[in-house]
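Quick note, the sequences are listed as chains Y and V, same order. Using my numbering, the first residue of the first sequence is number 4, and each one after it goes up by one. Using my numbering, the first residue of the second sequence is number 594, and each one after it goes up by one. Here is the structure we will look at, set down as structure tokens.
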Amino acid sequence: MYQALLTRRYLSSKIMPLLAAIAVMLCTAVVLLVWSIMGGFLVMLLDAGKAIVGDVAVSWPTAGFAHYEDLIDRLEEDENVAGATPVVETFGMLGLPDGRLQGVTVQGIDVQSYARVTEYERFLYWKPTDGPTPDDDGVGGDWRADEIGPWPELLADGLALGERDRVTGEFEPALVPGIEVAGFSRRDPESGFYRFGPVGMRTPEGDVRWESGFLPFLELTLNLVPVDRTGRPIEVVTRSYPVANEFRTEVFQIDSSTVFMPLAEAQRLLRLDAAELVRQEATDPFDEAFGQVEVLDESPARVTTVFVRGTGSMTPAELADRCHEIYMEFERERRGQVPPAGATRNEPGSGSIQITTWEQRQGMLIGAVQKEIALVLLILLVISFTASFLILAIFWAMVSEKTRDIGILRSIGATRAGVAWLWLRYGLAIGLIGSILGAALATLIVWNINPIHDWLGRTFAITVWDPKVYYFSRIPNDVEPVKAAIVVAGGLGFCLLGALIPAIRAAFLKPVEALRFE
Amino acid sequence: MSTAAAPSTTESSPAPILEARAVAKTYHLKVGRFKREDVPVLHGVDLGVEPGQWVAILGASGSGKSTLLHLLAGLDRPDSKTEGGVFFESQAVTRFGSRSLDRYRARSVGLVFQFYHLLPELSVVENVLLGAMVRRGRFAYRRAQPEARARATELLESFGLAHRLRHRPSQLSGGERQRVAIARALINDPKVLLADEPTGNLDHDTGQAIIDALAAERERTGRTLVMVTHDPQLASRADRVVHLAEGRIVETSRTEADPS
């Protein structure tokens, strides 16, 4: 009882507990601030990373595998699978209108099924929007809000991955590159919207001609290298394509190096489309049968990957295991026609089909961020220990200052445990006040981090959050209650730790020595 | 509480409520970084205090009178090599464990110090109630809070401090502070009140007033009082005066105030 009374009075009558509470508050605020932003960054990264690859990928890179429609049917029959889509993945060189060549990841997709498995439509950038109306000079606004723009057509083109030829009316395949691939459209740091301007194009004569940098009005040249079944390159194929639209996932790495094209076109260029295996009847040009071929077999179309999206009833790892079971059954019935299933899923070096979760596919990126977060939290933990020692020093000084009080309490019968609890309770109270205030401060800052960051940029030209480094243009601004609770509990724990030694010291002071203390 | 053989009594005097038997105390003082020096303070002191008696321990500075009082109060322990010890109602206080010693200080004895030793953050009434809080513990105190508060108010009123209940010790005079300290010592109605130079920090008149208050309280309750002082005039108010010099009792005298 006396502990509660004295804790209240000590807290309200001295400057030291105020200093200690401020120290705890700042420590708690910093930890929660960094954890929330970095953790939010990871969540955004995971969401975005998952968004274009589905939950699980069944892949047989380069050569691809056949009968994928059958596999997709089998997968989609499973109650845990929401959808599956065939994809051809390869690397290519993209020739940009300004003469630059850029290495890209090319994904040949079947838009309809791909949109069911991923959030393809959401990522298409040039489309009608209800966003802010652009200013007269086009600065600070969103171009897409301009109602007279070509946005509905571009959305339709993006969803079809092709364009109607204005002259012939024929449908021709087109590309959808990431919005950072060409770098012609630049993100306005204030509004966050992409805007395009004139771009200098090199002419064959070596001059520079200034043209609109709006990529959907331009053409791109794609260079791909098809390989045979043994993985040897055949010949480089080069094709020019119009641009149907651009996409933006907000993950800079994806947006700057990925190009979508129609699946059939990718299969055709990479020689993964259906073909007949033939034998020439005669090699002598004077032979009557010369030019006649005998069809030996049909080679079905192939894809390198099938992306699978779950219904949410399973974790990605469980879904991958289920996909492996389905694939094993599929392989049993098509033995020799498709890659082997392997005894276990994704066993490295087993020569069997690779079935991976999206986390495994984005492993390098996610792993790097997870390690960065762990490192930052470790550093903060060390800082928290420093704060704990600060509390210890403050409490040590306070116990010294209150030695006579301890002697008085002991002289009127207070037990050692009672005296120890007084100081622990005092530490707990400081920890509680400091931690809660710190959590509140951090929450306030995190909720307003983007306006604060913009203000820093405007006032001091400081850009802490560079989208090229952190992939996203928006700083995560969510505080998870669980994290806040953990940080508050941590703050309390460190305060208790800091108060523990002084509390034990106070408890074991001899009453007579404490009373004589000067 | 552990017990020991009861100390001997004579037929003419009642059994002592508090007794020191062959009590010795040596301080091991640290001299320099590694060296310790033994400073003997008490040499086999025998003292018996009868129930209801007022005993004054008189002596010069450094004679060991405060040390003796601290041993009687259970604030310190006598040398363990000697066979004697401190006894309260025939129980060997010296052999009490830490918890029993805490209980002894909380219930059986009340302590008054020369420098008042009030907690500056608490008000007058809270300082007095502190003793009740410590003795009863959280839940028992909550139940008995109205009763304890009434007792504290009554004690403070009896010492003329009814108008000072909410004041802080720093707002009181020395005499008032000492009266608050006496009230705190009496809140649990201990059988023995131990006062260490209660007037040592006060002027003559205020000191007299404090002794008057102690005497009046004793008159009212018949409580046993052991008072340490270096003032022979104040000591003469007691029933019995024990003269201490260089850690030994050199003389014990009955005063006129002794009813026996």
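The beta-carbon is built from N, C-alpha and C at its ideal position, and this holds for glycine as well. Just so it is clear, the structure is predicted and the values come from calculations on it, not from any experiment.
query                                                                                                                         : result
Cβ shell of Y709(V) (< 8 Å), same chain only, five flanking positions each side left out                                      : P762, G767, R770, Q771, V773, A774, N794
Residues that Y5(Y) contacts on chain V, provided the C-beta gap is smaller than 8 Å                                          : L723, M726, V727
Secondary structure, alpha helix (DSSP H): runs of 4+ residues fully inside the region 369 to 436 of chain Y                  : 406 to 414
Where T418(Y) meets chain V, residues with beta-carbon distance less than 7 Å                                                 : R692, D695
Assigned secondary structure, P153(Y) (DSSP; H/G/I helix, E/B strand, else coil)                                              : coil
Residues of the region 393 to 423 of chain Y with Cβ closer than 8 Å to any Cβ of chain V, in chain order                     : R407, D408, G410, I411, L412, R413, S414, I415, G416, A417, T418, R419, G421
Contact with chain Y by Y734(V), beta-carbon distance below 7 Å                                                               : yes
V142(Y) (DSSP reduced to helix, strand or coil)                                                                               : Residue placement at V142(Y) is flagged as unreliable, the pLDDT there being 49, under the threshold of 50; a coordinate-derived value is accordingly withheld.
Cβ neighbour criterion (16 or more within 10 Å) applied to F94(Y)                                                             : exposed
Cβ of S846(V) within 7 Å of any chain Y Cβ                                                                                    : no
Chain-order list of residues whose beta-carbon lies under 8 Å from that of E483(Y) (same chain, five-residue window excluded) : S39, G42
Which of helix, strand or coil DSSP assigns to P484(Y)                                                                        : helix
Counted within 10 angstroms of its Cβ, other Cβ atoms place K628(V) as buried (16 or more) or exposed                         : exposed
Whole-Å CB distance - T307(Y) paired with S116(Y), under 8 Å assumed                                                          : Going by Cβ atoms, the distance from T307(Y) to S116(Y) rounds to 15 Å, so no, they are not a contact pair.
For S316(Y), the three-state DSSP class (helix, strand or coil)                                                               : coil
DSSP beta-bridge partners of S654(V)                                                                                          : According to DSSP, S654(V) bridges with nothing at all.
Test: R519(Y) CB closer than 7 Å to a CB of chain V                                                                           : no
Anticipated Cβ contact below 8 Å, G724(V) with N781(V), distance rounded                                                      : 5 Å
Interface residues of chain Y facing H621(V) [CB-CB closer than 9 Å]                                                          : Within chain Y, no residue comes near H621(V); the closest Cβ sits about 12 Å away, beyond 9 Å.
Exposure label - Y620(V); buried when at least 16 CB within 10 Å                                                              : exposed
Span separating the alpha-carbon of L661(V) from that of R692(V)                                                              : 21 Å
Any chain Y beta carbon closer than 7 Å to A699(V)                                                                            : yes
Of the residues T817(V), A809(V), G800(V), G815(V), the one placed nearest D824(V), counting alpha carbons only               : G800(V)
Residues that H663(V) contacts on chain Y, provided the C-beta gap is smaller than 7 Å                                        : V515
Any non-hydrogen atom of the ligand NAD within 6 Å of E79(Y) CB                                                               : In the structure on display, the ligand NAD does not appear, and there are no ligands present to speak of.
Rounded C-alpha distance that separates D789(V) from P607(V)                                                                  : 25 Å
Minimum Cβ-Cβ distance from W426(Y) to chain V less than 7 Å                                                                  : no
8 Å Cβ cut-off: residues of chain V touching S316(Y)                                                                          : Residues of chain V passing the Cβ test: none, with the nearest at roughly 52 Å.
Counted within 10 angstroms of its Cβ, other Cβ atoms place P176(Y) as buried (16 or more) or exposed                         : buried
Cβ pair V835(V), I650(V) closer than 7 Å                                                                                      : yes
Whole-angstrom distance between V254(Y) and Q283(Y), CA atom to CA atom                                                       : 51 Å
Rounded C-alpha distance that separates D139(Y) from P155(Y)                                                                  : Reliability of the predicted coordinates at D139(Y) is poor, the pLDDT of 45 falling under 50, and the value obtained from them is presented with this limitation in mind. Cα to Cα, the separation comes out at about 22 Å.
C-alpha distance - I439(Y) paired with V491(Y), whole-angstrom precision                                                      : 6 Å
Neighbour flag for Q839(V) against chain Y, beta carbons, 7 Å                                                                 : The question names Gln, but residue 839(V) in the sequence shown is Glu. Closer than 7 Å: no.
CB contact flag (G840(V), L664(V), <7 Å)                                                                                      : no
Assigned secondary structure, Y71(Y) (DSSP; H/G/I helix, E/B strand, else coil)                                               : helix
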